[in-house]
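**Student:** Questions regarding the structure given below will be posed in turn.
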Amino acid sequence: MDSVIIYVKARADPNCSDVVPFEVPIFAPHRLTAWLVRTGRLQMDRVASQQFFRHFTEQRAPWMEDSAYAATNYYPYGLYGDDAEYTVTKEKLLVIFMSFPLQESKKVLETRFPVCMLRTERILGPETLQPIWDYLAWSCNCLIDGRYPGKSLSGEVIRSSDPRCAPGSLLCEDGAKFRLVELRGDWKWHVQGFRLRGHYGANNVCHICPASKTDPRFPYCDFRRNPCWRSHERSHRDFMLTMLGEPLNSLVYVAGFHFRFIKYDTMHCTNLGVGQFTNGGTFKELLKISFWPASDSTATFRAAYKSFKAFLSAQHLSCSQPLFKPYMLVQTGEDYGLFASKVSTSR
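Just so we're aligned: the sequence shown equals residues -6 to 340 in this note's numbering.
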């Protein structure tokens, strides 16, 4: 395990202006991958990997157009960032994971491997994570080369007591190389990590196309089969020139990087968007016909929750959704309802 010096708030206080250096432990993705392969925790299927890249070549994926990285003899991997509460007072940890999309296991602990973590409350902003991006980019470039590096990120000569990790030696005995193919996270994570100029809080809401809140030529709410914004999707060059804030996230310097690697968390995009309004609209219509007759709104929502739990039981499903309460159904100023349930349970 290595460590990286970052700058954080001196205290987990929103109003804290004091900044201090902090040495955050971090696993190098290239060393982590080599260890996973060597210990049998990562099963590599060369045929599946070749099929993976061949599929995206046939589908003309933009990130397979660069002939230097269009080979099918790489193994795909991704990086994923998210935060989660870890105390009863709702303090959060930010965790960056490494994942391998071709792993067949459905167990989280066998498909996602933590690279580093830090307390969210002490993060100053994007600048706190910059040294981490620098380190990850350096390590990811070692993965695509398939060999242990001779120099560290700072340019110092690396000396290893383990001959298997000697500079220039293969990461894996069979000479396997690995290519970054996806950067996953929710929309906020990508906006902050890449300082995207096209996002939910801007007039231009998308980093891929010109969909806009204000430009009548490309209304973001145009959901026709062939909306205007679809025929004006950005090229990789356009993205690099217009959509990134500075300093640049160093992951853009990973060999073979393409902005189409940036993938939103489907659960958040679907469930916080379509899901909440579908659930809310359905809930509102059922209330209109007194589907759950009760003496007051609290009792009605309690009856609805009981019905929901009965459905889960009958379908052998588990769900952590707490008791339904009237405030969860938001109707103010809308012709439809929005049901503010937990993201993971609004499905």
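Positions of the beta carbon are idealized from the N, C-alpha and C atoms, including for glycine.
Here the structure is a predicted model, which is why all the values come from computation and not from measurement.
If Val(-3) and Tyr128 are in contact, beta carbons under 8 Å, what's the gap, nearest whole angstrom?
**Tutor:** Looking up residue -3 in the sequence shown gives position 4. Looking up residue 128 in the sequence shown gives position 135. Indeed, because the Cβ distance is near 5 Å, the residues count as touching under 8 Å.
**Student:** Determine contact between the stretch 194 to 212 and the stretch 172 to 180, defined as no fewer than three beta-carbon pairs at a distance below 8 Å.
**Tutor:** Cβ pair count under 8 Å is below three, so no.
**Student:** Distance, Cα to Cα, Ala41 vs Leu280?
**Tutor:** Counted from its first residue, the sequence shown places residue 41 at position 48. Counted from its first residue, the sequence shown places residue 280 at position 287. Going by the C-alpha atoms only, they are around 50 Å apart.
**Student:** Which residues bound the beta strand (DSSP E) around Val88?
**Tutor:** Reading the sequence shown from its first residue, position 95 is the one you call residue 88. Element bounds for Val88: 85 to 92.
**Student:** Can the beta-carbon of Gly330 be found less than 8 Å from the beta-carbon of Gly274?
**Tutor:** Here residue 330 corresponds to residue number 337 of the sequence shown, with the count starting at 1. Here residue 274 corresponds to residue number 281 of the sequence shown, with the count starting at 1. Yes, they are a contact pair.
**Student:** Determine the DSSP secondary structure at Thr7, reduced to helix, strand or coil.
**Tutor:** Here residue 7 refers to the residue found at position 14 of the sequence shown. Before going on, a small fix: residue 7 reads as Pro here, not Thr. Coil, per DSSP.
**Student:** Pick helix, strand or coil for Asn197, following the three-state DSSP scheme.
**Tutor:** Here residue 197 refers to the residue found at position 204 of the sequence shown. Asn197 falls in the strand class under three-state DSSP.
**Student:** For Phe187 and Asn242, what's the separation of their Cα atoms in angstroms?
**Tutor:** For the purposes of this step, residue 187 is identified with residue 194 of the sequence shown, where counting begins at 1. For the purposes of this step, residue 242 is identified with residue 249 of the sequence shown, where counting begins at 1. When rounded, the distance between both Cα atoms is 6 Å.
**Student:** What span of residues does the beta strand (DSSP E) with Tyr70 cover, start to end?
**Tutor:** The residue given as residue 70 occupies position 77 in the sequence shown. Taken as a continuous stretch (DSSP letters only), the beta strand (DSSP E) holding Tyr70 covers 67 to 78.
**Student:** Looking at Lys170 and Asp138, is the spacing between their C-beta atoms short of 8 Å?
**Tutor:** Residue numbering aside, residue 138 sits at position 145 when the sequence shown is read from its first letter. Residue numbering aside, residue 170 sits at position 177 when the sequence shown is read from its first letter. In this structure, Lys170 lies closer than 8 Å to Asp138 by Cβ.
**Student:** Thinking C-alpha only, which one of Tyr68, Val17, Arg34 is nearest Ser98?
**Tutor:** Here the question's residue 98 lines up with position 105 in the sequence shown. The shortest C-alpha separation from Ser98 is found at Arg34.
**Student:** Provide the residue span of the alpha helix (DSSP H) that contains Ile137, from first to last.
**Tutor:** On the sequence shown, position 144 is the one that residue 137 refers to. First-last of the alpha helix (DSSP H) with Ile137: 119 to 138.
**Student:** Buried or exposed: where does Pro22 fall if 16 or more other Cβ atoms within 10 Å of its Cβ makes it buried?
**Tutor:** Here the question's residue 22 lines up with position 29 in the sequence shown. Under this definition Pro22 is a buried residue.
**Student:** Are the stretch -6 to 13 and the stretch 56 to 70 in contact at 8 Å, needing three or more beta carbon pairs?
**Tutor:** No, because fewer than three Cβ pairs between the stretch -6 to 13 and the stretch 56 to 70 fall closer than 8 Å, the two stretches do not touch.
**Student:** Look at Arg230 and Ile201 and say whether their C-beta atoms are less than 8 Å apart.
**Tutor:** Taking the first residue of the sequence shown as position 1, residue 230 is located at position 237. Taking the first residue of the sequence shown as position 1, residue 201 is located at position 208. In this structure, Ile201 does not lie closer than 8 Å to Arg230 by Cβ.
**Student:** Could you check which residue in Cys165, Thr26, Arg172 has the C-alpha nearest to that of Gly249?
**Tutor:** Your numbering for residue 249 matches position 256 in the sequence shown. It is Arg172 whose Cα lies nearest to the Cα of Gly249.
**Student:** State the beta-bridge partners of Glu16 as determined by DSSP.
**Tutor:** Looking up residue 16 in the sequence shown gives position 23. In DSSP, Glu16 forms a bridge with Ile(-2).
**Student:** Just how far apart, CA to CA, sit Asp155 and Ala303?
**Tutor:** As a first step, residue 155 is located in the sequence shown; it is residue number 162 there, counting from the start. As a first step, residue 303 is located in the sequence shown; it is residue number 310 there, counting from the start. One C-alpha to the other measures close to 58 Å.
**Student:** Which whole-angstrom value describes the C-beta separation of Tyr73 and Phe90, a residue pair presumed to lie in contact below a C-beta threshold of 8 Å?
**Tutor:** Taking the sequence shown and counting its residues from 1, the one referred to as residue 73 is at position 80. Taking the sequence shown and counting its residues from 1, the one referred to as residue 90 is at position 97. The pair is a contact, with the Cβ atoms about 4 Å apart (cut-off 8 Å).
**Student:** Leaving out five residues on either side along the sequence, give the residues of the same chain with a beta carbon under 6 Å from the beta carbon of Ala296.
**Tutor:** Within the sequence shown, the letter at position 303 stands for residue 296. Excluding positions up to five away in sequence, the list reads Trp285, Ala287.
**Student:** Using three-state DSSP, classify Pro220 as helix, strand or coil.
**Tutor:** By one-based count along the sequence shown, residue 220 stands at place 227. Coil.
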